[in-house]
Each structure stands twice: as C-alpha cells, then as structure tokens.
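Chemist: Encoded as structure tokens, here's the structure I'll be asking about.
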Amino acid sequence: MSENSRPKGTPRFPEGPAPDPAGSRFERRIRSFQPRRSRVTTAQGDALRRLWPQWGLDIDGKEVLDLGKLFGDADTGPDETPRPVVLEIGFGMGEATAQMAAADPDTGILAVDVHTPGMGNLLGLAERNGLSNIRVANGDAIILLREMLAPECLDGVRVYFPDPWPKARHHKRRLIQPEFLTLLAPCLKPGAVLHCATDWEPYAEHMLEVLSAHPDFENTQEDGGYAPRPDFRPLTRFEGQGLNKGHVVHDLLFRRAATLAERPDEGPATPTDREDPPRP
Ligand SMILES: C[S@@+](CC[C@H](N)C(=O)[O-])C[C@H]1O[C@@H](n2cnc3c(N)ncnc32)[C@H](O)[C@@H]1O
C-alpha cells in the first residue's frame, strides 16, 4: 500500500517501528531530537516491513534487555563470553554504522535513533552487506538507558555529531549534559569508552567541559584535551556536511571510571561499593 492510499489513523508500518514507542508513559521530558516527518522511500519501507520483526526493537521502557539474547548469543557456552556490545546514539542514515559493523563483526552494535527513514536505510544496508551484528532501536536513547539497560552491560558508546542546538535557549536540549552522563555511566562497564565527535566548536567545548568535570569519566588523553580521530570512525553524513562548510571536527574519548561516584539519592552506586548490612 502506498503512503497516499493508507487510510487515516492506520499505522504506517504495522509490523515495523511504533510511532511513539514510549508514548505518554513517561513524564514530559526535554528531548534532544527534533521530530521530523520525512519521506520513507520504497526500499526503506520494504526493509522496515521485512526486517523489523527480526532486527528491530521499540524503546517502550517496558523491560530490561538481555543483550546476549538480542544479539543471538543465547547458546553461548559456560566458557564463552557473550560478544561485546556498543551503543550508538543517533545513527542518522546509518552508513557509518554499517561500515563499523562490517569492520568489526564480533562486536554487536545497538543503534538507536528516532528517524524512521534512517532505520529502514540501516536495515537495508545490514541485509545487503550480510551484517548480523546490528540491532536497530526506535525511540529516545534516554528511555533506553534509564529503563531498558542492565548495569554494566555496554562495552562502549558512540555519539557522532549529535544535534548541536546552537541557539542559547536550546542548549538545554543538547544530549551531552551532566545528567545524561550520570544516567549513562552505570550502563557502561568500568573502563568502557564514551566516544563523541562534533563539528560544532561551541558544542565540542561544552562536551569537553562537562565530561572533564564528571566524576564517573576520565579523559583518555593525558593532556586533558581532544583525541586524535580514531581510525575506526568512518566519515559520517553530518560530518561530511560540516567539513564542506569548513567546520573543524573534534573527537572526545572518555573512559568510565573504575568506581562510580555516590548518587546523593541512592547511596553507593554499584553493588561492590555497598557496605555489608549491619549484623542483627
Ligand atoms: C545530527 S544527526 C547525526 C547523525 C549521524 N550520526 C551522522 O553523523 O551523520 C543526530 C541524530 O541523532 C538523533 N537523536 C538525537 N537525540 C536522540 C535521542 N535522544 N535518542 C535517539 N536518537 C537521537 C537524531 O534523530 C538524528 O538522527
């Protein structure tokens, strides 16, 4: 059925990503993304219909994910460790995601975005390139981190060219904020790296400031500055657009600290930090 002949009120992709998976089940929150209604091409729609049931998941905040199962490692033997999983927040059209998945087939990539054409595009790329190590998550990464990821389940996080929100009144919508880092840190394994990149100089400065100040993260660079671009990060679509405008790109690589700072409301953050209960 074409987009135009779809009766009003019926879902665009009945077997595909839900329009607003977390719905109103969570309080109104500041969103780091802009709702965009862009056209889904025939190929993207076809990929969504066929591949979503197998490789897609809605971020509905209803359950904690078993990443081993999600990536098909359920039969891992007692001596084998499940494959590492890296979260990519905001994959856009997914070209760079597919390239990184092809270059490192033993690592699972959990790729999250809210952009429906991009989800279709990435699913199509995964199928065409025979990539079985990508799962596409539809919805707000904040709900994913807060409600659906187990402690210390991630081996890394990539945030490449997040929306820069250049106007001062929109700065609060930037993803990289102290609150985001506090939410993210417990989901990362100790030593796992958060890799950010941006072509927007003021956002790069903001990232460096909040990451350097956060007690749960340590800069991998001894001089406390930006990192050289790692070989494994391909050129992304937004990066190409930024470079065409003469922007300078900065990479930031921060590792999660061995122990987490105490959360004021919750007491010690990791079970290993907790004191034994008093003896009766
Ligand atoms: C500027 S684009 C960059 C896309 C891609 N990384 C690139 O470099 O070409 C930022 C992307 O992040 C997504 N995004 C922003 N906030 C998000 C959130 N909270 N959860 C999921 N995706 C988000 C947007 O939908 C958008 O596709």
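In the UniProt record's numbering, the protein residues as written are 1 to 280. Backbone N, C-alpha and C fix where the C-beta goes; we use that ideal spot for every residue, glycine too.
1) Provide the residue span of the beta strand (DSSP E) that contains Gly56, from first to last.
2) Let me confirm a value: Gln44 is counted as buried when at least 16 other C-beta atoms fall within 10 Å, else exposed. Which label applies?
3) Please indicate yes or no: does the CB of Glu239 lie closer than 7 Å to some heavy atom of ligand 1?
4) Assuming contact is defined by CB atoms lying nearer than 8 Å, are residue 282 and Arg237 in contact in what I supplied?
5) Could you check what DSSP says for Asp216 in three-state terms: helix, strand or coil?
6) Counting pairs of Cβ atoms below 8 Å between the stretch 113 to 121 and the stretch 142 to 152, do you hit three or more?
7) Across the stretch 95 to 107 and the stretch 26 to 37, are there enough close Cβ pairs to call them in contact, namely three or more that are closer than 8 Å?
8) Should Glu88 be labelled buried (16 or more other beta-carbon atoms within 10 Å of its own) or exposed?
9) Going by beta carbon distance, what residues of the same chain come within less than 6 Å of Gly90, once the five residues before and after it are set aside?
10) Straight-line CA distance for Val64 to Gly246?
11) Classify Asp104 as helix, strand or coil using the three-state DSSP reduction.
Modeler: Quick answer:
1) Gly56 to Asp58
2) buried
3) yes
4) Given that the chain is displayed from residue 1 to residue 280, the structure contains no residue 282 and the question cannot be resolved.
5) coil
6) no
7) no
8) buried
9) Asp113 and Pro162
10) 43 Å
11) coil
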